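Trainee: Quick note: the sequence shown uses my numbering, first residue 11, plus one each step.
Virtual Cβ for every residue (Gly too), placed ideally from N, Cα, C.
Here the structure is a predicted model, which is why all the values come from computation and not from measurement.
Encoded as structure tokens, here's the structure I'll be asking about.
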Amino acid sequence: MTDTTVKKVSSAHSPTGAQGEVYLASGKRVSMRMWRDEEPTQDKPLHKHEYEVVGYVIAGRAELEIEGQTVRLEPGDSWVVPAGAEHTYRILETFTAVEATAPPAQVHGRESS
Numbered sequence: 011m012t013d014t015t016v017k018k019v020s021s022a023h024s025p026t027g028a029q030g031e032v033y034l035a036s037g038k039r040v041s042m043r044m045w046r047d048e049e050p051t052q053d054k055p056l057h058k059h060e061y062e063v064v065g066y067v068i069a070g071r072a073e074l075e076i077e078g079q080t081v082r083l084e085p086g087d088s089w090v091v092p093a094g095a096e097h098t099y100r101i102l103e104t105f106t107a108v109e110a111t112a113p114p115a116q117v118h119g120r121e122s123s
């Protein structure tokens, strides 16, 4: 039987993760999370994970480095980090963005990387 459940998630009441991310709607194959008002940072350690990430910048600026390529992200920009791609980022200006991960990043502890 097909699941026809409608879900609504209010970010004002959403749980937050260990890295400050706000968990938004989550299905069986994809989930969303928001990074709200993240302060400027230096490069995070290079890392990779087994899920794909797509994102959209709401406010602020950042640089994303994927496999040696650097992309500047500004409001209105979107990006993709393929599963298994080594990457890092630095926040240049207080940053708010929404990401979708497939499969959901928080399932089975995948988010820890």
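Thinking residue 88 and residue 64 are a contact (beta carbons under 8 Å), I'd like their distance in whole angstroms, please.
Mentor: Here residue 88 corresponds to residue number 78 of the sequence shown, with the count starting at 1. Here residue 64 corresponds to residue number 54 of the sequence shown, with the count starting at 1. That pair is a contact at about 7 Å.
Trainee: So, using beta-carbon positions, are residue 107 and residue 76 closer together than 8 Å?
Mentor: Along the sequence shown, read from residue 1 onward, the residue named residue 107 stands at position 97. Along the sequence shown, read from residue 1 onward, the residue named residue 76 stands at position 66. No, the pair does not count as a contact, with Cβ atoms beyond the cut-off.
Trainee: For residue 2, count the other beta carbons within 10 Å of its own beta carbon; 16 or more makes it buried, fewer makes it exposed. Which is it?
Mentor: Residue 2 lies beyond the range of the chain shown here (11 to 123); nothing can be said about it.
Trainee: So if DSSP puts residue 115 in a beta bridge, which residue, or which two residues, is it bridged to?
Mentor: As a position in the sequence shown, residue 115 is number 105, starting the count at 1. DSSP lists no partner for residue 115.
Trainee: Could you pull out every residue in the same chain whose Cβ sits closer than 6 Å to the Cβ of residue 80, ignoring the five residues on either side in sequence?
Mentor: Counting from 1 along the sequence shown, the entry for residue 80 is found at position 70. 73, listed in sequence order.
Trainee: With H, G and I counted as helix, E and B as strand and the rest as coil, what does DSSP make of residue 93?
Mentor: Looking up residue 93 in the sequence shown gives position 83. Looking at residue 93 - three-state DSSP - the assignment turns out to be coil, as it is neither helix nor strand.
Trainee: Whole angstroms are fine: how far does the CA of residue 19 sit from the CA of residue 44?
Mentor: Numbered from its first residue, the sequence shown carries residue 44 at position 34. Numbered from its first residue, the sequence shown carries residue 19 at position 9. Taking the straight line joining both Cα atoms gives about 12 Å.
Trainee: Specify the secondary structure class of residue 28 as computed by DSSP and reduced to three states.
Mentor: As a position in the sequence shown, residue 28 is number 18, starting the count at 1. Residue 28: coil per DSSP, three-state reduction.
Trainee: I think residue 38 touches residue 97, with their Cβ atoms under 8 Å apart; what is that distance to the nearest whole Å?
Mentor: Your numbering for residue 38 matches position 28 in the sequence shown. Your numbering for residue 97 matches position 87 in the sequence shown. In fact, because the Cβ distance is near 25 Å, the residues do not count as touching under 8 Å.
Trainee: Kindly list the residues whose CB is nearer than 8 Å to the CB of residue 53, restricted to its own chain and excluding five residues on each side of it in sequence; keep chain order.
Mentor: Stepping through the sequence shown from its first residue, residue 53 is reached at position 43. Only 75, 98, 99 and 100 meet the Cβ criterion.
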